Amino acid sequence: MRNYILVVTLFISSITIAQDAKEVIRRCNKNLLQIKDYYCKAHIDFDIPGLNIEKIDGTIYYKRPNKFRIKSNGIIFMPKQNPNQILNIMADTNAFMPVFIAKETVNGLVCDIIQMVPLKENDIAAAKIYIDAKGYIQKAEITSKENGTAMVNNKFDATSKYGMPCQTLITFDIKKFKVPKMVSVELNAKTTAKPTTTSTKTTGSIKITYTSYLFNTKFSDTVFTDK
Amino acid sequence: MLKLIGVELYKIYTKPRSYLGLLAITIIVCLIHIAMYSGGQEYLDFIFATFKDSFDVSGKILTGNLIAFIILQMLVVQMPLLVAFVTGDIISGEASGGTLRILAGKPYSRSHIFFSKFIACAIYTFVLVVWLGILAVVLGHLLFGSGDMMVLKTEGLVVLRDGDILWRYGYAFIIAFFILLLIASLAFCISSFAENSITPIVITMGLIIISTVIGTLEVPLFEYIKPILFTTHMIIWRNMFDKPVPWNDILLSMSIVFSYTCLFTGIAWFHFTRKDILT
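Protein sequence lines correspond, in order, to chains A and B.
First residue of the first sequence? That's 0 in numbering that gives the first Met the number 0, and the numbers climb one at a time after it.
First residue of the second sequence? That's 0 in numbering that gives the first Met the number 0, and the numbers climb one at a time after it.
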């Protein structure tokens, strides 16, 4: 009888937790689902070991469900886990089951931590989303099978609309680069006293600062394909 | 002196072998341009595969800047040979042809004759470097356009922004000129001892190959020799594409290059001004 009560209690509480998680996701999607497309200016700073690259300005284009592009006049390196991935995870409610884990304070705000468990075969093994009372994603941890874990930290300001951040810091795992001398053609290169790119770090980070968001302007799809 | 330099330049101008270098550069560079134009993206995908595994890389990669860099890297071995073809012949060629004795009989000092030949060699080397620059950078930009440049290094990758590249090429070509002048002075030095034109060319290339092999082998014994090998400093132009530019390393290498140039030229001058010219 005691065991029966325990099982029933656990079952009911799991349903309640699932409902709580879905409620948090609904709160978040209430903002995000209003976005059909957006574009904005982006300023990108790189801190990637083994990669010596300067900051760059560009324009980010997004269109539902999963069209995303950063357009600029120069070369950009983005981790495979780009910020667009969170929008996809949140939007696809059939592919992920939300599970409420706990509450935690992030950026001075109390957030619900929701674990998104993939229901189908997916490159994303798990995603932990930290959502505040407004439904804004303050933080996310995305673990993919191929590319390790990426941490996304968002910042919002008074002008933030539809849950889109004004700044995102993506921290991600990277493999240590080692290019053979034959490929780099540094056959008898003199080793410099201070190598410009060597580091023992195995995590890199990219900071994107967004400005001048424009939502739902129905821009042409050609921005995703043109050169 | 100017008249002598003019005469020496005219001799270079009239010799068919002087055009071999220009022709070889033109053919090699044009072949690389054609190859890159047709299948450059596949080549770059292979080269940058390590990075594309971890990142989504967006932006134009196949640019005139990158192609020019690849060309310069590929010509590291060939350019000294092309320089040695002419500079190795400039004294010994005349010795074997019997015109050196006639020249020495003119009312000019041996030093004047020597330095007019050396300056003519330097001008020829300069023309080669400028021609390489025009074909690699200017033609590269016309064919592939401008854009950022990815420089692959053993420790990683350096990405240079478009507006931050051309001045680096300027310095790289100046450095390349002085490095080739070192090769010219070596060939010139051997030429002053030789009685035929093949020997200086063969010895110069032999020395370059031996030094390069020693420099490539990562054996502890050679680690002590490497810093004094002139071939170690021959690719210092590459450092112009580092960020930040390691100016101290470049200055050190250039001072070694200058020292070798002065040493080879000094030996050649010492021998030339004292030798018995019998042919």
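Cβ coordinates follow ideal geometry from the N, Cα and C atoms, glycine included.
Predicted model, so just to flag it, every value in this text is computed and none were measured.
- Item | Neighbour flag for GLU53 of chain A against chain B, beta carbons, 9 Å | For GLU53 of chain A, the closest Cβ of chain B is nearer than 9 Å.
- Nearest-angstrom Cα separation, counted from PHE192 of chain B out to THR198 of chain B: THR198 of chain B and PHE192 of chain B have their C-alpha atoms some 10 Å from each other.
- Sufficient close CB pairs (3 or more, under 8 Å) joining the stretch 150-169 of chain A to the stretch 197-216 of chain A: Verdict: yes, contact present.
- Query: Leaving out the 5 sequence neighbours to the left and right, which residues in its chain are closer than 6 Å to LYS242 of chain B when beta-carbon positions are compared?
  - Reply: So the qualifying residues of the chain are VAL157.
- Selected residue, minimal CA-CA separation from ILE234 of chain B, among B:PHE221, B:SER210 and B:ILE60: Relative to the Cα of ILE234 of chain B, the nearest Cα in the group B:PHE221, B:SER210 and B:ILE60 belongs to B:SER210.
- Query: Do the stretch 27-45 of chain B and the stretch 73-81 of chain B touch if we need at least three Cβ pairs shorter than 8 Å?
  - Reply: Judged by Cβ distances under 8 Å, the stretch 27-45 of chain B makes contact with the stretch 73-81 of chain B, as three or more pairs qualify.
- Throw me the rounded Cβ distance for the ASP163 of chain B and THR62 of chain B pair, which I believe falls under 8 Å. At roughly 13 Å, the Cβ-Cβ gap does not stay under 8 Å, so ASP163 of chain B and THR62 of chain B are not in contact.
- Is the distance from the Cβ of LYS35 of chain A to the Cβ of LYS217 of chain A below 9 Å? With respect to LYS217 of chain A, LYS35 of chain A sits close: the two C-beta atoms are nearer than 9 Å.
- So, does the CB of THR197 of chain A fall closer than 9 Å to a CB anywhere in chain B? Note that THR197 of chain A scores a pLDDT of 48, beneath 50, so its modelled location is shaky and nothing firm can be said.
- Message: Which same chain residues end up closer than 6 Å to TYR129 of chain A when comparing Cβ atoms and leaving out the 5 residues on each side of it in sequence?
- Response: Excluding sequence neighbours, TYR129 of chain A sits near VAL105, CYS110, ILE112, GLN137 and LYS138.
- Is it true that the CB of LEU131 of chain B sits closer than 9 Å to the CB of PHE172 of chain B? Yes, the pair counts as a contact, with Cβ atoms nearer than the cut-off.
- Message: Please report the straight-line C-alpha distance between ALA132 of chain A and TYR42 of chain B, rounded to a whole angstrom.
- Response: Taking the straight line from one Cα to the other gives about 51 Å.
- Partner residues on chain A for ILE266 of chain B, Cβ-Cβ distance less than 7 Å: Going along chain A, no residue has its Cβ under 7 Å from ILE266 of chain B, so there is no contact; the nearest lies around 25 Å.
- For ALA125 of chain A, the three-state DSSP class (helix, strand or coil): In the three-state DSSP reduction, ALA125 of chain A falls in the strand class (E or B).
- Among B:PHE240, B:PHE257 and B:LEU1, the one whose alpha carbon lies nearest that of PHE165 of chain B: The sequence shown places Leu at residue 165 of chain B, rather than the Phe named in the question. If we check each option's Cα against that of LEU165 of chain B, B:PHE240 comes out closest.
- Message: Please identify, using Cβ separations under 9 Å, the residues of the stretch 159-182 of chain B that lie next to chain A, in order along the chain.
- Response: Cβ contacts with chain A come from LEU159, ARG160, ASP161 and ASP163.
- Message: In chain order, what are the residue ranges of uninterrupted beta strand (DSSP E) at least 3 long that sit wholly in the stretch 64-106 of chain A?
- Response: Runs of the beta strand (DSSP E) inside the stretch 64-106 of chain A: 66-71, 75-78 and 95-105.
- Query: Within the 9 Å Cβ cut-off, does MET204 of chain B reach chain A?
  - Reply: Using a Cβ-Cβ cut-off of 9 Å, MET204 of chain B does not count as an interface residue toward chain A, since no Cβ of chain A sits closer than that to its own.
- Task: Assuming THR230 of chain B contacts ILE249 of chain B (C-beta within less than 8 Å), just tell me the rounded distance between them.
- Result: Contact between THR230 of chain B and ILE249 of chain B fails: their C-beta atoms lie close to 16 Å from each other, not under 8 Å.
- Query: With burial defined as no fewer than 16 other Cβ atoms inside 10 Å of the residue's Cβ, what is the status of PRO219 of chain B: buried or exposed?
  - Reply: Taking all protein chains in view, the Cβ of PRO219 of chain B is surrounded by fewer than 16 other Cβ atoms within 10 Å, so the residue is classified as exposed.
- SER198 of chain A versus PRO226 of chain B: straight-line alpha-carbon distance, rounded: Caution applies to SER198 of chain A, whose pLDDT of 48 falls short of 50 and renders its modelled position unreliable; the value that the coordinates give is listed next. Spanning the alpha carbons of SER198 of chain A and PRO226 of chain B requires a straight line of approximately 25 Å.
- Query: Would ARG68 of chain A count as contacting chain B if we go by Cβ distances under 9 Å?
  - Reply: By this cut-off, ARG68 of chain A is an interface position.
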